[in-house]
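Numbering (this note's numbering), first residue to last: 3 to 366. Ideal Cβ placement from N, Cα and C applies to all residues, glycine included.
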Ligand SMILES: [Mg+2]
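What follows is the structure in structure tokens.
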């Protein structure tokens, strides 16, 4: 089997209602998509934070065997150099092709699924332009609990007053039995992160995500020692080298690689192995289109519980609850959360069929 064609698409979906995290307002959602065609007629789809250039396609992909994922990865990115976000898209598409060629879902190629549905956390609760943001957040959080989610994640990092008031309000809205995580999107420095962390810690938080910039290993170690909350992060890191010190120096309790940024299936399983060897939990980050959603499900299904237990700490899937047609409409049968669980696709490859009409509609 040989790769014959590489097509790329930049997709953009304008939001009806803008929202903000600690770093700024979002008015649109975007996705970089790659379509890889082969001489057998099998086509694979991938998504990355960036897409492969024509020269990457010509030099490293055209004419190559899509089963040579390690060779292709190594040729494009050596020791952390190269466009790891683009190889992420390529790698996901190659695993989609391999699965379709063997008539097997990707999770089976990766060694099998530990779970066929994954408990999800509702990822939302952004800042919005509302007259009473606290009331809006409480209403939104209650809707997630009513929909059956066992956990929710809210955005913080908007200053101490906002964070203290709204974390307490959301905890009150969801009650004691729902897991609550907070995400500051790298909005603080170390001192502020610790100060705010101490003031919100009384709300029984499951984790405190990206209090500071992604790659400040010493800062994460300092925060982790100062606070009695699990610290999470790593969604923006690319390649195993970027994760190495954060994991080995124990800057994080929970590592959150994004399959479309960190390097696709081929690299993420290595990052997961490194985390496992250091007894650090892996909970993938997911923020993208139907393609990234399906890819993340296949990968997360193959990550074992750690530690094994009668009632293991749940492997929570990040289910993006914000408006995004690229997530809800790009696949003909979109993956949905049902009673707080997300089913792992069972069809060959990624297990989704791309709606080309939707693809063309949002291509820019
Ligand atoms: Mg995050």
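With distances taken Cα to Cα, identify the nearest neighbour of residue i among the options.
i: residue 290; options: 260, 347, 190; result: 260
i: residue 98; options: 359, 361, 349; result: 349
i: residue 124; options: 233, 202, 314, 182; result: 182
i: residue 219; options: 245, 88, 62, 309; result: 245
i: residue 168; options: 105, 269, 140; result: 140
i: residue 127; options: 119, 110, 153; result: 153
i: residue 64; options: 3, 34, 196, 334; result: 3
i: residue 147; options: 351, 342, 364; result: 342
i: residue 176; options: 272, 72, 150; result: 150
i: residue 61; options: 7, 42, 31; result: 7
i: residue 34; options: 23, 16, 88, 41; result: 88
i: residue 58; options: 222, 38, 43, 69; result: 38
i: residue 251; options: 143, 309, 279; result: 279
i: residue 212; options: 273, 236, 135; result: 236
i: residue 314; options: 335, 297, 18, 283; result: 283
i: residue 187; options: 357, 238, 206; result: 238
i: residue 114; options: 304, 42, 137; result: 304
i: residue 345; options: 133, 44, 173, 116; result: 116
i: residue 136; options: 232, 171, 166; result: 171
i: residue 96; options: 293, 228, 335; result: 293
i: residue 161; options: 306, 179, 129; result: 129
i: residue 301; options: 328, 178, 272, 310; result: 272
i: residue 359; options: 197, 275, 247, 332; result: 332
i: residue 295; options: 14, 73, 328; result: 328
i: residue 270; options: 249, 240, 15; result: 240
i: residue 310; options: 281, 335, 288, 68; result: 281
i: residue 1; options: 164, 41, 112; result: For the chain, the structure presents residues 3 to 366; residue 1 sits outside this window and is missing.
i: residue 54; options: 84, 258, 243, 253; result: 84
i: residue 178; options: 194, 195, 208, 15; result: 208
i: residue 71; options: 5, 43, 121; result: 5
i: residue 40; options: 102, 194, 366, 32; result: 102
i: residue 205; options: 173, 227, 221; result: 173
i: residue 275; options: 288, 243, 253; result: 243
i: residue 306; options: 253, 28, 120, 56; result: 120
i: residue 217; options: 118, 248, 227, 81; result: 248
i: residue 339; options: 210, 122, 308; result: 122
i: residue 52; options: 69, 32, 226; result: 32
i: residue 323; options: 354, 100, 356, 288; result: 288
Rounded to the nearest angstrom, how far is the Cβ of residue i from that of residue j, given a contact under 8 angstroms?
i: residue 214; j: residue 192; result: 6 angstroms
i: residue 25; j: residue 199; result: Rounded, the Cβ-Cβ distance is 18 angstroms, inconsistent with contact.
i: residue 185; j: residue 155; result: 6 angstroms
i: residue 312; j: residue 11; result: Contact doesn't hold; Cβ gap of about 46 angstroms is too wide.
i: residue 337; j: residue 285; result: Not confirmed; about 18 angstroms, so no contact.
i: residue 18; j: residue 325; result: 6 angstroms
i: residue 108; j: residue 351; result: 6 angstroms
i: residue 203; j: residue 233; result: About 12 angstroms separates the two Cβ atoms, so there is no contact after all.
i: residue 166; j: residue 144; result: With a Cβ gap of about 20 angstroms, residue 166 and residue 144 do not count as contacting.
i: residue 222; j: residue 254; result: 6 angstroms
Within the present structure, is the beta-carbon of residue i separated from the nearest heavy atom of ligand 1 by less than 8 angstroms?
i: residue 56; result: no
i: residue 302; result: no
i: residue 187; result: yes
i: residue 212; result: yes
i: residue 37; result: no
i: residue 258; result: yes
i: residue 237; result: yes
i: residue 287; result: yes
Check residue i in the structure and name its three-state DSSP category.
i: residue 128; result: coil
i: residue 171; result: helix
i: residue 53; result: coil
i: residue 116; result: coil
i: residue 320; result: strand
i: residue 281; result: coil
i: residue 23; result: strand
i: residue 231; result: coil
i: residue 325; result: coil
i: residue 198; result: helix
i: residue 366; result: coil
i: residue 34; result: strand
i: residue 3; result: coil
i: residue 311; result: coil
i: residue 82; result: coil
i: residue 186; result: coil
i: residue 100; result: helix
i: residue 262; result: helix
Can you find a CB in chain C that lies within less than 9 angstroms of the CB of residue i?
i: residue 302; result: Absent here is chain C; the protein component of the structure consists of one chain.
The stretch 40-56 in contact with the stretch 92-108 per 3-pair CB rule at 8 angstroms | Counting C-beta pairs closer than 8 angstroms gives three or more between the stretch 40-56 and the stretch 92-108, which meets the contact rule.
Sufficient close CB pairs (3 or more, under 8 angstroms) joining the stretch 307-322 to the stretch 262-275 | No, the stretch 307-322 is not in contact with the stretch 262-275.
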